[in-house]
Amino acid sequence: MLRHLLNSVLVAAVSAASFVSGSAIALTSDTAKRIAVGENDDRIKALSDALTNPDEALARLIDALLDDSAKVAGDAVLLVNNGKAIHAATGAATTLPATAEDVVNNNRMRNELEGAKAALGLFSESLTKRNNAIVQLKDSADEGKLPLIDRALAKETDAGLKAKLEQLRAAMLVASSDKQKRLDAVAALASSSQPSVRSLLQERLNAGGETDPDVRAALSTAVKAIEGRLVWGERLGVIFSGLSLGSILFLVALGLAITYGLMGVINMAHGELMMIGAYATYLVQNAFRQHLPNAFDFYIIAAIPMSFFAAALVGAALERTVIRWLYGRPLETLLATWGISLVLIQTMRTFFGAQNVPVENPSWLSGGVQVMSNLILPYNRIAILFFSFFVLATVWLLISKTRLGLFVRGVTQNRSMAACMGVNTAKIDTYAFALGAGIAGLAGCALSQVGNVGPDLGQGYIVDSFMVVVLGGVGQLAGTVYAGLGLGVLNKLLEGWTGAVLAKIIVLAFIVIFIQRRPQGIFALKGRSAEA
Amino acid sequence: MNTSIMSSTVNQSTATLLGTRARMALAAVIAILVLVIPIFNLVVPADSVFHLSDYAVSLLGKIMCYAICALAMDLIWGYTGILSLGHGLFFALGGYAMGMYLMRQIGREGVYKSDLPDFMVFLDWKEVPWHWLGSQSFVVQMFLVVAVPGVLAFVFGYFAFRSRIKGVYFSIITQALTYASMLLFFRNETGFGGNNGFTDFKRLLGIPTATSSMRVTLCVLTGLILVVFYVMSKAIIASKYGRVLQAIRDAESRVLFTGYNTLWYKLSIWTLSAMMCGVAGALYVPQVGIINPGEMSPAASIEIAIWTAVGGRATLIGPIVGAFFVNGAKSWFTVTFPEYWLYFLGAMFIAVTLFLPQGIVGLVRKLSAKYANPTKRGAP
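Quick mapping for you: the protein sequence lines, in order, are chains R and P.
Heads up: the first sequence begins at 105 in our numbering, then just goes up one per residue.
Heads up: the second sequence begins at 343 in our numbering, then just goes up one per residue.
Written as structure tokens, this is what we have:
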């Protein structure tokens, strides 16, 4: 209450100061009334007239109109706050008469008011507020606000904002009634590299826009020039999102490459192991939020091992109880693991509900780095890209350099011979399967940062990830990587051309045809184990 | 494939296709279908204990459609050793072919009172697209019910079998096929009603579909077609052609070395199996009253495999028993304990593969052998 009082005193003081020092014609009671009541056209006219000479009182009035706290009593416009009323123009406190009526603003009026509020932001002290105002005004650029922009331009000191203002000014002038002004504006805009400017100019070229042939010619050259500058950003954007999808795909498929490629187990529950990893991330996030709110940004560091071990434990349990009995019978394994996946999905529904659960990005993973005007690389996707290569490197080291890896390879190549040499094959099977499951958990942890976490998380990836393994060729990791990245990029390239669904269908058709030609995948295994 | 399945089927081929007991059983089934169901549903009054409700009739009809699918799956999986995870696609294609005809039968009674199906009006199409040209004619659509799944299966199978894709690879590719088709049918532009598919059917051959007599007719028809397919499968399995199929299942390389071109054997039974599924889909749609791309989801196809596995692969009665058992359980569970249905289904997948490789029929045979021969312990 006290704070509120202080606030209003402050506002009054500031407005009084600007009254004395600033503008020649400040907001008068009469203007305030013309803005608040009457026909919409008149109100808008009054508003834009007042905008040529903005002051604090006007800002206060616009705010009040926007949050419906302005009332009209007779000739006076009153702003009501917590039951206290002040005069719109002078800021003097007054009592609220019982006859006061609400000011009603329809959508059109509201838009005008929003625009006016944004325009006022151009004169704010804060740099970010001015920047926001420019961004907001882009959507409602019309010639009426031109004098305001000119004044802001004269006052602006920051070079970057000045350039933005120039562009905004040009955008307003493109629709001017004066041909020369239009031509100048197009010339000014042609140097931009913003996608929004391109669509603005493109819009002028459409029917109902520009009619003058000279201006039209200038417009189309400008559009071409901007497009030339944008095209690389777009291309790189497609390639990046392709790589990002590809990195997710190969992270998902990496676990499968171990369980299927090395062990010959068709694990249809792989997607559900991912889901377990994602839910583990969710639980770690909740634990951090509750017990270590200060370290919340680093929950993901703890979630990575947790999701690995959660999924690996479930995987080891599955191997011991079900999959162990089905080695060498891939079709039966397929059905049994499908059954497991159904049970896991239903279990998650029982415990966490059928709805998606919210997993928040830590603050250092939200946002992105702006590489070009139309190319922003989100941090979480970059992180996943690196993470998947990190996992790949670790798995490769594990398989090719450690004793466990040696045993896994040995069992894969010749089970009975490995057993004869003293390898505990049953134990190795469990470890290898748990490793594959754990990698699935890591994939789930990564996915929780870019997508929804829910019981159906894994279902959407199972067909894709099998395609990656099949395409890459069974039994080694390199094929999985190439196939995953290749499919991701191919998918995104096609998406730009045909739309998401058709792109997916084309990719699937491509894989089916490819498998016809090379049943062993891109990298066929050579040697003794190939025909096993 | 494991040897126990092999031994269970070899001694089935007798000189005559069906023994006396089998003929009597078959006659009894036909009698139940043609006499008992119509009488108990239409003649017996609704408050009688013996009254068969409309719900039961349509459930029975639906499950018999599933049984046809399971039988088709058994021919290709149980007898030829090729697991298809895409049979739901053929089922849905047959259903869509029937659905197109039913949509045109609605006539001008749709929401928009147009000659075109409602969803086309909604998409602002002015005339039917090319693949709907024959949809006014019952004969054309019934031809498509078998032709579309048949041709698709033939073309797909030709390329797959020619490059010797088998085992799990084949299963995964069929799954990708049905998944891709589901995505395709989800699109409105494909011209099959998108997400919603076809529904709100009014009549079939000019006769309203929402009557008891229509429901009973369709149910009995489905049952009779199931019987025909059963006898046909029996004949196929007992023939020399059927023996070659089983040989392919057990040792394909040896069959190849003996001089058989397995491509044509596999391709023909694969195509036949797809066509049977198409017929099942066509019978399913008017009884259930809806067809949508959900039928093409990988889960729907894999369920067909579990009906077959639960009942007992490589026996012809097994898939039918399995379809009745699993779907009966499903309709009971989803009413009584909806949240436990997936647990039950999942447990069934696991239990059947681990403990009952020959399904219910195998279990019954084992138990009856034990009963008949109590001195011998366990199964042979």
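Where a beta carbon is used, it is the ideal one built from N, C-alpha and C, also for glycine.
Check your understanding: How would you list, in chain order, the residues of chain R whose beta-carbon sits under 7 Å from the beta-carbon of ARG529/P?
Key -> Against the second sequence, residue 529/P aligns to sequence position 187. Under the 7 Å cutoff, chain R gives VAL605.
Check your understanding: When you compare each of ALA267/R, MET379/R, THR198/R to ILE566/R by their alpha carbons, which one comes out closest?
Key -> Here residue 566/R is taken as the residue at index 462 of the first sequence, counted from 1. The shortest Cα separation from ILE566/R among ALA267/R, MET379/R, THR198/R belongs to MET379/R.
**Study point:** Under 8 Å by beta carbon: chain R residues contacting VAL510/P
**Key:** Walking along the second sequence from the start, residue 510/P turns up at place 168. Correct list: ILE370, PRO434, LEU435, LEU438.
Review point. So which residues of chain P does VAL574/R contact, with C-beta pairs closer than 7 Å?
Key: Taking the first sequence and counting its residues from 1, one reaches residue 574/R at position 470. Neighbours of VAL574/R on chain P, chain order: TYR511, ILE514.
Review point. ILE632/P by DSSP, collapsed to three states: which one?
Key: Here residue 632/P corresponds to residue number 290 of the second sequence, with the count starting at 1. If DSSP states are grouped into helix, strand and coil, ILE632/P belongs with the strands.
Exercise for review: With a 10 Å radius around its C-beta and 16 neighbouring C-beta atoms as the bar for buried, classify PHE490/R as buried or exposed.
Suggested key: Here residue 490/R refers to the residue found at position 386 when the first sequence is read from its first residue. Per the 10 Å Cβ criterion, exposed.
Point to revise | Helix, strand or coil at LYS468/P [DSSP, three-state] | key: Position 126 of the second sequence, counting from 1, holds the residue named residue 468/P. The answer is coil: DSSP assigns LYS468/P none of H, G, I, E or B.
Point to revise | Simplified DSSP state of PRO491/P, which is helix, strand or coil | key: If you number the second sequence from 1, residue 491/P lands on position 149. PRO491/P falls in the helix class under three-state DSSP.
Point to revise | Residue of ALA163/R, PRO434/R, LEU349/R, VAL319/R minimising C-alpha distance to LEU277/R | key: On the first sequence, position 173 is the one that residue 277/R refers to. Answer by Cα proximity: VAL319/R.
**Study point:** VAL176/R beta carbon less than 8 Å from that of GLU205/R
**Key:** On the first sequence, position 101 is the one that residue 205/R refers to. On the first sequence, position 72 is the one that residue 176/R refers to. Yes.
Review point. Which runs of the alpha helix (DSSP H) fall wholly inside the region 482 to 564 of chain R and span at least 4 residues, in chain order?
Key: 483 to 505, 507 to 517, 519 to 524, 529 to 551
Practice item. Find the residues of chain P that neighbour GLY443/R, judging by a C-beta separation of less than 9 Å, and give them in chain order. Key: The residue you call residue 443/R lines up with position 339 of the first sequence. ILE648, LEU687, GLY688, ALA689, MET690, PHE691, ILE692, ALA693, VAL694, THR695, listed in chain order.
Exercise for review: Output, in chain order, the set of chain R residues within a Cβ distance shorter than 8 Å of TYR521/P.
Suggested key: Within the second sequence, the letter at position 179 stands for residue 521/P. VAL567, LEU612, listed in chain order.
**Study point:** Cβ-based neighbour list, ALA530/R, same chain, cut-off 7 Å, excluding 5 preceding and 5 following
**Key:** Your numbering for residue 530/R matches position 426 in the first sequence. Excluding sequence neighbours, ALA530/R sits near nothing in its chain.
Exercise for review: Enumerate in chain order the residues of its own chain whose CB-to-CB distance from THR132/R is below 7 Å, with the five nearest sequence positions on each side excluded.
Suggested key: For the purposes of this step, residue 132/R is taken as residue 28 along the first sequence, with counting starting at 1. Excluding positions up to five away in sequence, the list reads ALA193.
Practice item. Going by DSSP, name the residue or residues bridged to GLU205/R. Key: For the purposes of this step, residue 205/R is taken as the residue at position 101 of the first sequence. VAL176/R, per the DSSP bridge assignment.
Check your understanding: Mind checking ARG147/R: buried by the 16 CB within 10 Å criterion, or exposed?
Key -> As a working mapping, residue 147/R is identified with position 43 in the first sequence. Result: buried.
Point to revise | Proximal chain P residues relative to THR454/R, where beta-carbon distance stays under 8 Å | key: Along the first sequence, one-based indexing puts residue 454/R at 350. Within chain P, the residues near THR454/R are GLU681.
Exercise for review: Less than 8 Å between the CB atoms is what I'm expecting for GLY704/P and CYS561/P, so what's the real figure, rounded?
Suggested key: Position 362 of the second sequence, counted from the start, is the residue given in the question as residue 704/P. Position 219 of the second sequence, counted from the start, is the residue given in the question as residue 561/P. Not really, about 29 Å apart at Cβ, beyond 8 Å.
Check your understanding: Which same chain residues, not among the five before or five after ASN310/R, have their C-beta less than 8 Å away from its C-beta?
Key -> One-based indexing of the first sequence puts residue 310/R at position 206. Within the same chain, ASN310/R has no close Cβ partners at all.
Check your understanding: Quick one: what does DSSP say MET462/P is sitting in, helix, strand or coil?
Key -> Position 120 of the second sequence, counted from the start, is the residue given in the question as residue 462/P. Here MET462/P sits in helix by DSSP.
Review point. Quick one: which chain P residues come within Cβ less than 7 Å of MET571/R?
Key: Reading the first sequence from its first residue, position 467 is the one you call residue 571/R. Here the neighbours are ALA518.
Point to revise | Distance between GLN624/R and THR498/R (C-alpha atoms, nearest Å) | key: Here residue 498/R is taken as the residue at index 394 of the first sequence, counted from 1. Here residue 624/R is taken as the residue at index 520 of the first sequence, counted from 1. The straight-line gap from Cα to Cα measures roughly 26 Å.
Exercise for review: Could I get the ranges of all uninterrupted alpha helix (DSSP H) runs contained in the region 568 to 631 of chain R, with 4 residues as the minimum, in chain order?
Suggested key: 581 to 602, 604 to 621
Check your understanding: Less than 8 Å separating the beta-carbons of GLY565/P and LEU375/P?
Key -> For this step, residue 565/P is matched to residue 223 along the second sequence. For this step, residue 375/P is matched to residue 33 along the second sequence. A contact, by the Cβ cut-off of 8 Å.
Review point. At a CB-CB cut-off below 8 Å, which residues of chain P make contact with TRP429/R?
Key: Within the first sequence, residue 429/R is the residue found at index 325, counting from 1. The answer, in chain order, is LEU696.
Check your understanding: Per DSSP, what kind of secondary structure is ALA399/R in: helix, strand or coil?
Key -> By one-based count along the first sequence, residue 399/R stands at place 295. Helix at ALA399/R.
Practice item. State the start and end residues of the unbroken alpha helix (DSSP H) segment that holds GLN271/R. Key: As a working note, residue 271/R is residue 167 in the first sequence. Unbroken alpha helix (DSSP H) run through GLN271/R: 263 to 277.
Check your understanding: Quick one, which residues of the region 464 to 491 of chain P are near chain R if we go by CB-CB under 7 Å, in chain order?
Key -> none
Practice item. Could you say which of GLU599/R, GLN620/R, ARG621/R lies nearest to VAL611/R if we only look at CA atoms? Key: Translated into positions along the first sequence, residue 611/R becomes position 507. The candidate whose alpha carbon is nearest that of VAL611/R is GLU599/R.
Review point. So with Cβ pairs under 8 Å, would you call LEU446/R a contact of chain P?
Key: By one-based count along the first sequence, residue 446/R stands at place 342. So yes, LEU446/R belongs to the interface.
Check your understanding: If we ignore side chains and look at the alpha-carbon of each, how far apart do ALA647/P and PHE413/R end up?
Key -> The residue labelled residue 647/P in the question sits at position 305 within the second sequence. The residue labelled residue 413/R in the question sits at position 309 within the first sequence. Between ALA647/P and PHE413/R, the C-alpha separation is close to 33 Å.
Review point. Can you find a C-beta in chain P that's less than 8 Å from the C-beta of LYS608/R?
Key: Taking the first residue of the first sequence as position 1, residue 608/R is located at position 504. Judged by the 8 Å Cβ criterion, LYS608/R is in contact with chain P.
Check your understanding: Of all Cβ atoms in chain P, is any one closer than 8 Å to the Cβ of ILE380/R?
Key -> By 1-based counting over the first sequence, the position of residue 380/R is 276. False, the Cβ-Cβ gap to chain P never drops below 8 Å.
Check your understanding: What does ILE644/P touch in chain R if you count any residue whose Cβ is under 9 Å from its own?
Key -> For the purposes of this step, residue 644/P is identified with residue 302 of the second sequence, where counting begins at 1. Correct list: MET372, LEU438, LEU439, TRP442.
**Study point:** Alpha-carbon to alpha-carbon, ILE405/R and GLN450/R
**Key:** Residue numbering aside, residue 450/R sits at position 346 when the first sequence is read from its first letter. Residue numbering aside, residue 405/R sits at position 301 when the first sequence is read from its first letter. If you take the alpha carbons of GLN450/R and ILE405/R, they lie about 28 Å apart.
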